[in-house]
Every structure is written in C-alpha cells, then in structure tokens.
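Participant: A single structure is presented below for examination.
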Amino acid sequence: MIFNDVVLRNQSNKSSDSMRMIHNAFPDSPQDTNEFIKWIKQLIEERDSSIKNIKTFNIEQSKMYEKINNFETELQTKTKRTKISTNDFEETHEALVQKVSDLATLT
C-alpha cells in the first residue's frame, strides 16, 4: 500500500517532519481515501487487539501469582503439621542400622 511506504520513509521525531509525513500520506483520490481509511482502521484494530492481549495476559498472570501464593501458604501449613519428633528419628535410624547389619551378615 502506498501509505505504508510514505509513512516509513518519512518517520522522524521532529514535529515539522511528522506534519509533512501526515500531509504526504493523505490520499488524493477517492480510491486512495478508501484504502487510507481501511489502513487506519486496521491500525486501530491491531492496537485494540494488542491492548486486549496485554489485559488478558495481566489477568492470567495475576491468577497465576494468586495460585502460587495460596500454594505457598498451604505448603507452609502442611509443613508445620508434619514435624518429625526426635523419637521418630531415633527409631528410623535404629531400623536402618539393623537393616544394614542384617544385610552385612548375609554376605
């Protein structure tokens, strides 16, 4: 499309250049005007789509962080409930020592 070329060739940070770019990009014929309008509408749709995608991403990201925070709280609660007492450790240690001794006598 003619307008994309004109806009890309005339990109600049200066306001006078920007005004020239807009003036040069504006169509002369009715057919060009229709193409120009379609192009502007397409740009607006792309912008709106991008905004929608960003909002959707932010919502999904918020939900994910909420799940992580809830899981961490739940995990901390479960960890507090499953503390191992000293007696449990000693019994497990003794059982392992006995098992190793039994295996050593078999060989």
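End of the sequence shown sits at 106 in numbering that gives the first Met the number 0; the numbers just go up one at a time, nothing left out.
Where is the CB? At the ideal position from N, CA and C, for every residue including glycine.
None of these values were measured; they are calculated from a predicted model.
In angstroms, rounded to a whole number, what distance separates the CA positions of E73 and I53?
Facilitator: Roughly 30 Å between the two C-alpha positions.
Participant: In whole angstroms, what is the alpha-carbon distance linking A94 and L105?
Facilitator: One C-alpha to the other measures close to 17 Å.
Participant: Can you grab the Cα-Cα spacing for the pair K40 / K51, in whole Å?
Facilitator: Straight-line Cα distance between these residues: approximately 16 Å.
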